[in-house]
Amino acid sequence: MKILFAASECSPLIKVGGLADVVGSLAKEIKQFGHDIRIILPFYQSLKEKNLDPLKKIADINIKIEGSDEPVLVYQTTLDHIPLYLIKNDSYITNGDIYLEVSEFSSIARFLFFSQAAVELLEKIDWQPDIIHVHDWQTGIIPLLIKIKKFSIKTVFTIHNLLIQGQWNYKQSLDFLGLTGDEIPSLQQTKQGLYGKDFNIVQQAMLNADTITTVSSQYATEIKTQNSFARGLEQEILKRTDDIYGILNGIDTHIFNPGTDLYIHKQYSIKTLNNKVENKLYLQKKVGFKQDKNIPLLGMVTRLDIQKGIDLLASAVDGIVDLGCQIVFLGTGQKKYENMLRRCAQKYSDHVAAYIRFDTRLAQQIYAGADIFLMPSRFEPCGLSQLIAMRYGTIPVVRATGGLIDTVENVKIKQGLIGRIKGITGTGFSFDIFRKDKFAATLKGALDIYAQKKLWRQIQINAMKQDFSWKKSAQKYIKLYKKLFQI
Ligand code: GLC
């Protein structure tokens, strides 16, 4: 099969969040199954500094925007042996970093333009995919454009997150796309958004894609059954309910492998788990904490966004420090949350460290060095960090929502005779209600078990034994692609 992934991010080249990891690593896995998979991305300004080699210009096209021609140069390179197309245009794409200021039309125009160029390109090169798989709102207009062109290509839309839907004023968006609104029935439907933003790209994707997926089966259920998760798209979800599949994300288990990871201080595996503590002592020193293997060290690596429960965490910090823990945060995102974490670190400089930056090396060192990984998410379509943490024997304490429910099995102690402990199952700890006291109580429960070294070791082994590789999920995507041709 010939498959084209169209997306706004792709690891290891361009990354803001988990979307990038999924696009990069899922494509690699699909290739392993012998399919001709390719990726198309915007040629952002920051890519100019990367040493892309070989980089070949393969096409020169024009896109009509409000009556005038916009030139587009298309380049081809390879990423992990996968052909990669890059769309370059100085007015809309190659002028600034990945996501622009959301209050400006340029933030939306960039991806409408990219999507148009990607579709136009298919008429210019002699490679046509059977499937175009688009990811989130940024490429969500492609299924509509394919339908209008009447291409015989099937489209798959993956929802990584319904929080941002790509909304703008209807008229301006349609003018930009050179459409009148009569081309296709879905364009008769608008979606009332804030500030008159009644054009909604995710709505159009939901109405036009041949198949829709999301990144865990629990999140699929949540968006189908609870309005708060559907975020205004209840009707569209209802209409397409049988076409929405939940397929769990995986991680690249070659990259995320404590046995071979060169970023960490000391490699380890289940057999050499005693070495993990070296990473803890190293991390404690690096961030300026007291070095003591018995002090529980908590870690968090995340985008700083409302979804991630940073506010809950910040409100619980006093209690967590009282429990004697050290915490290391790493992430970037909304200023409000960046400042929240900075304030926590200032207040407890001996116990809380906050690194407001993007740092792959430090991220790996946190996964390897921490005892416990925190993810108190408000909602979580899948979540990748808990998977990485478990692979590194770092036990997640999470809110029970979305993919966190599907991937973290609550710890249970098996009681034997006369109060003896017979064994322990599970890979982490979760709390239901998004409330500080619930979070604190669950963390306290985890720390009680942490103090019992043998039990903790068993949980670490349980977690490290989980198979979070892409294999099974990639097979599910391939099955779904094939299904689209069996009508
Ligand atoms: C988004 C979601 C996250 C998911 C990731 C990759 O970032 O918020 O839960 O793991 O996309 O699909």
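Position in the sequence shown (from 1) plus 1089 gives the number in the working numbering. Ideal Cβ placement from N, Cα and C applies to all residues, glycine included.
Per DSSP, what are the beta-bridge partners of residue i in this structure?
i     : result
Q1165 : K1145 and Y1174
I1152 : E1159
D1381 : BP columns for D1381 are empty, so no partner.
A1443 : F1418
C1099 : I1103
S1519 : V1487
N1499 : G1517
Y1308 : Per DSSP, none; premise fails for Y1308.
Q1504 : I1510
V1223 : A1095 and F1246
F1318 : Note: F1318 sits in no beta bridge, so no partner.
F1288 : W1257
Could you compute how far the alpha carbon of residue i sits from the alpha carbon of residue j?
i     : j     : result
V1304 : L1370 : 35 Å
L1493 : L1473 : 9 Å
V1390 : L1402 : 13 Å
K1533 : I1384 : 14 Å
P1470 : H1249 : 6 Å
K1326 : D1225 : Contrary to the premise, residue 1326 reads as Ile rather than Lys in this sequence. For I1326 and D1225, the distance between alpha carbons rounds to 15 Å.
G1585 : G1508 : Residue numbering for the chain in the displayed model covers 1090 to 1576; residue 1585 lies beyond these limits and cannot be assessed.
H1124 : D1495 : 28 Å
Q1380 : A1459 : 12 Å
E1155 : F1288 : 18 Å
L1322 : Q1292 : 7 Å
G1348 : I1477 : 13 Å
I1416 : M1479 : 18 Å
V1376 : Q1454 : 11 Å
V1105 : E1098 : 7 Å
I1353 : S1100 : 20 Å
I1573 : T1244 : Correcting the residue type first, residue 1573 is Leu in the shown sequence and not Ile. C-alpha separation (whole angstroms): 9 Å.
F1636 : K1139 : Residue 1636 lies beyond the stretch modelled for the chain, which goes from 1090 to 1576, so this question has no answer here.
L1263 : G1270 : 7 Å
T1183 : V1163 : 12 Å
T1330 : R1488 : 26 Å
Q1555 : I1399 : 27 Å
S1196 : D1186 : 10 Å
L1283 : S1241 : 36 Å
F1318 : I1147 : 42 Å
I1301 : K1503 : 41 Å
K1501 : A1535 : 11 Å
S1358 : L1296 : 46 Å
Starting from residue i, trace the alpha helix (DSSP H) in both directions and tell me its first and last residue.
i     : result
L1108 : G1107 to Q1121
G1472 : Run containing G1472: none; DSSP gives neither H nor E here.
V1406 : I1399 to D1411
T1303 : Here T1303 belongs to no alpha helix (DSSP H); instead the beta strand (DSSP E) covers T1300 to T1303.
L1252 : Premise fails: L1252 is in no alpha helix (DSSP H) and is neither H nor E.
L1544 : K1542 to M1553
M1429 : K1424 to K1436
K1568 : K1560 to K1572
V1577 : Shown here, the chain extends from 1090 to 1576; a query on residue 1577 therefore has no answer.
Y1259 : Y1259 to L1266
Y1371 : K1365 to V1376
G1458 : T1449 to G1458
E1138 : Counting along the chain, E1138 falls outside any alpha helix (DSSP H), and DSSP gives it neither H nor E.
P1218 : Counting along the chain, P1218 falls outside any alpha helix (DSSP H), and DSSP gives it neither H nor E.
If you check the beta carbons only, do residue i and residue j fall under 9 Å apart?
i     : j     : result
F1122 : A1563 : yes
L1130 : L1093 : no
M1090 : D1219 : yes
T1516 : I1484 : yes
A1095 : I1103 : no
V1208 : K1239 : no
Q1547 : G1505 : no
K1137 : Q1165 : no
A1294 : V1406 : no
S1519 : N1499 : yes
Q1396 : L1386 : no
G1388 : Y1456 : yes
Y1566 : F1345 : no
Considering just the uninterrupted stretch of the beta strand (DSSP E) at residue i, what are its terminal residues?
i     : result
T1531 : Note, T1531: premise wrong, no beta strand (DSSP E); alpha helix (DSSP H) at K1525 to Y1539.
L1393 : L1386 to L1393
D1125 : D1125 to P1131
Y1334 : I1333 to G1335
V1245 : K1243 to I1248
F1462 : I1461 to M1464
Got a sec: is the Cβ-Cβ distance from residue i to anything in chain C below 9 Å?
i     : result
Q1278 : Among the protein chains of the structure shown there is no chain C, as only one such chain exists.
Any 3 or more C-beta pairs closer than 8 Å across the region 1460-1468 and the region 1525-1540: yes
Three-pair Cβ contact test at 8 Å for the region 1190-1209 versus the region 1150-1169: In short, these stretches touch, since the Cβ pair count reaches three.
Stretch pair the region 1270-1280 + the region 1228-1242: three plus CB contacts closer than 8 Å: yes
At least 3 beta-carbon pairs within less than 8 Å: the region 1551-1569 vs the region 1439-1455: no
Sufficient close CB pairs (3 or more, under 8 Å) joining the region 1254-1264 to the region 1127-1144: Proximity of the region 1254-1264 to the region 1127-1144 falls short of the contact definition, fewer than three beta-carbon pairs being nearer than 8 Å.
contact_flag[the region 1307-1315, the region 1333-1343] where n(CB pairs < 8 Å) is 3 or more: yes
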